[in-house]
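A.B. asks: Residue numbers (my numbering): 6 to 192. No residue lacks a Cβ here, since even glycine has one placed at the ideal position from N, Cα and C. Everything numeric in this text was worked out from a predicted model, so none of it was measured. Shown below is the structure under consideration.
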């Protein structure tokens, strides 16, 4: 009789251990799934938007975050038509306004630059200028650039590329490329 009780106790112990192991696995996988959902819930989706509407922000190229979370700029590189890279998050390389004006071949005194630096945040549903014509036009010599910039932003072929590396509030890294409009997760 003692032998059958021992077997029953051993069977119950093994069953309890199996149920505990399943419970631990389900808790772990639930936590991982919840963490992944939280990360997705605050994932910024930063892109560059050509804008040619003087009544709505202005005319130029703007950063836009249409994701549910704030994005933090880690690195901003502009590449000209010759393949030369300008790291605009490091202003010691070349003044961002000069680099951008040279690339699009506009008078830099007529331009309004945003060029966020490393660590700057891009809020949800806000447009921040990368490079735009200052509006309203206060200088006569800048008026000619207004129509040129409007045509340029409506163009589908640009003489520059932009690479942005940005972080979510969870520290997840993403890379965005313009004009290909491709975003990829880095880690």
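1) Cβ of residue 40 within 8 Å of Cβ of residue 170?
2) Could you check if residue 191 is buried or exposed, using at least 16 other CB atoms within 10 Å of its CB as the buried criterion?
3) So, using beta-carbon positions, are residue 69 and residue 134 closer together than 8 Å?
4) Quick one: what's got a C-beta closer than 6 Å to residue 76's C-beta in the same chain, skipping five residues either side?
5) In the DSSP assignment, find the beta strand (DSSP E) that holds residue 144 and state where it starts and stops.
6) Using CA coordinates, which residue listed in 33, 116, 31, 188 is at the minimum distance from residue 148?
7) Decide if residue 89 is buried, meaning its Cβ has at least 16 other Cβ atoms within 10 Å, or exposed.
8) Please state if the CB of residue 86 and the CB of residue 183 are separated by a distance shorter than 8 Å.
9) Is residue 162 helix, strand or coil when you go by DSSP?
10) Which two residues bound the contiguous beta strand (DSSP E) that contains residue 189?
11) Could you tell me how far apart the beta carbons of residue 94 and residue 131 are, in whole angstroms, since I believe they sit closer than 8 Å?
12) With a threshold of 8 Å on Cβ separation, who are the neighbours of residue 178 within its own chain once the five nearest residues in sequence on each side are excluded?
13) So the candidates are 145, 187, 175; which of them puts its Cα closest to the Cα of residue 43?
14) In this structure, how does DSSP classify residue 80 when only helix, strand and coil are distinguished?
15) Could you name the residues of the same chain whose beta carbon sits closer than 7 Å to that of residue 163, not counting the 5 residues immediately before and after it, in chain order?
16) State yes or no: is the C-beta of residue 72 within less than 8 Å of the C-beta of residue 137?
17) Looking at the secondary structure, which residues open and close the beta strand (DSSP E) in which residue 135 lies?
18) For residue 81, which of 34, 145, 180, 186 has the nearest alpha-carbon?
C.D. replies: Result, derived from the coordinates:
1) Not closer than 8 Å, so no.
2) So residue 191 counts as exposed.
3) At a Cβ-Cβ threshold of 8 Å, residue 69 and residue 134 do not count as neighbours.
4) Answer for residue 76: 49, 51, 70, 127, 171, listed in chain order.
5) That residue, residue 144, is in no beta strand (DSSP E); it is neither H nor E in DSSP.
6) The candidate whose alpha carbon is nearest that of residue 148 is 116.
7) Exposed: under 16 other Cβ atoms inside 10 Å.
8) The criterion of a C-beta distance shorter than 8 Å is not satisfied by residue 183 and residue 86.
9) Here DSSP, grouped into helix, strand and coil, assigns residue 162 to coil.
10) Start and end: 187-190.
11) With a Cβ gap of about 19 Å, residue 94 and residue 131 do not count as contacting.
12) Cβ neighbours of residue 178 beyond the five flanking positions: 79, 170, 171, 172, 190, 191, 192.
13) Measuring from the Cα of residue 43, the nearest candidate turns out to be 175.
14) The three-state secondary structure of residue 80, taken from DSSP, is strand.
15) These residues qualify, in order along the chain: 184.
16) Contact flag unset, no.
17) It spans 132-138 - the beta strand (DSSP E) in which residue 135 sits, taken as one unbroken run.
18) Nearest in C-alpha terms to residue 81, of all of 34, 145, 180, 186, is 180.
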